[in-house]
């Protein structure tokens with residue numbers, strides 16, 4: 307029922323509130339980026355906490371109006387998959403994932419497609435085709451060719467598929483000096499507890 311879904315959303319958003327790096331670490335890091343949300347290994351994805359105020363992905367709690375929209379959107383996705391199946395290769399709507407290695411376990415962080423994955427899981431899909439976040443943002447061969455003709459230099463793209471603690475000294479924000487390696491590892495463990 308709608309009220310059960312809304313109550314589930316309320317519980318989820320209250321238990322999954324996005325926090326600043328300083329708040330998670332319970333101290334101030336040396337960079338002013340500590341008041342923001344970021345993952346130490348990702349370049350160019352520093353977010354002000356206000357960006358999450360009405361997010362459909364994570365808390366704080368969206369308004370009742372937003373909760374109703376989230377519910378509507380989820381039902382729309384569910385009905386579409388139930389009626390027509392899931393054809394990501396036709397509509398180019400593969401869920402995007404990031405591969406994470408925690409201790410000896412491999413996990414997949416869903417970067418985009420949580421509603422689709424939730425509906426597929428509810429419909430008992432055992433396997434779901436996905437694409438890596440890094441592949442999703444890779445430029446086409448045509449764009450690469452055009453770039454190299456216009457700029458007269460090779461387009462270099464870092465194609466990272468796996469994030470793990472053993473690479474921490476090479477993470478973007480560690481190398482940039484925004485966060486210490488120890489604090490970056492603490493963040494990793496906070497986000498991806500086993």
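In the working numbering, the protein residues as written are 307 to 500.
A virtual CB, placed ideally from N, CA and C, is assigned to each residue, including glycine.
Judged by beta-carbon spacing, residue 313 lies beyond the 9 Å limit of residue 364, meaning their Cβ atoms are not closer than that value.
A direct Cα-to-Cα measurement between residue 455 and residue 381 gives close to 46 Å.
The beta-carbon distance between residue 315 and residue 387, rounded to whole angstroms, is 19 Å. This is too long to meet the 8 Å contact definition. Boundaries of the alpha helix (DSSP H) harbouring residue 494: 487-497, taken from the DSSP string. For residue 428, the CB contacts under 8 Å within the same chain, skipping 5 residues up- and downstream, are 384 in chain order. Residue burial annotation: residue 473 is exposed, with fewer than 16 other C-beta atoms found within 10 angstroms of its C-beta.
Short of 8 Å from the beta carbon of residue 372, and not among the five residues preceding or following it, lie these beta carbons of its own chain, in chain order: 360 and 362. The beta carbons of residue 400 and residue 437 sit closer together than 9 Å. Taken in chain order, the whole alpha helix (DSSP H) runs of length 4 or more contained in the stretch 410-456 are 420-428 and 439-442. DSSP links residue 469 through a beta bridge to 406. About 6 Å separates the beta carbon of residue 416 from that of residue 423, a gap short enough to meet the 8 Å contact definition.
For residue 340, the three-state secondary structure derived from DSSP is helix. About 7 Å separates the CB atoms of residue 327 and residue 485; that is less than 8 Å, so the two are in contact.
The Cβ neighbour count for residue 347, taken over all protein chains shown within 10 Å, is at least 16; the residue is labelled buried.
Inclusion of residue 408 and residue 495 in the CB contact set at 9 Å is warranted, their separation being smaller than that value. Non-local C-beta neighbours of residue 341 in its own chain, meaning closer than 7 Å and more than five positions away in sequence, comprise 326 and 328, ordered along the chain. Residue environment analysis places residue 343 among the buried positions, since at least 16 neighbouring C-beta atoms fall within 10 angstroms of its C-beta. Beta-carbon to beta-carbon, residue 352 and residue 339 are separated by about 6 Å, close enough to satisfy the 8 Å threshold.
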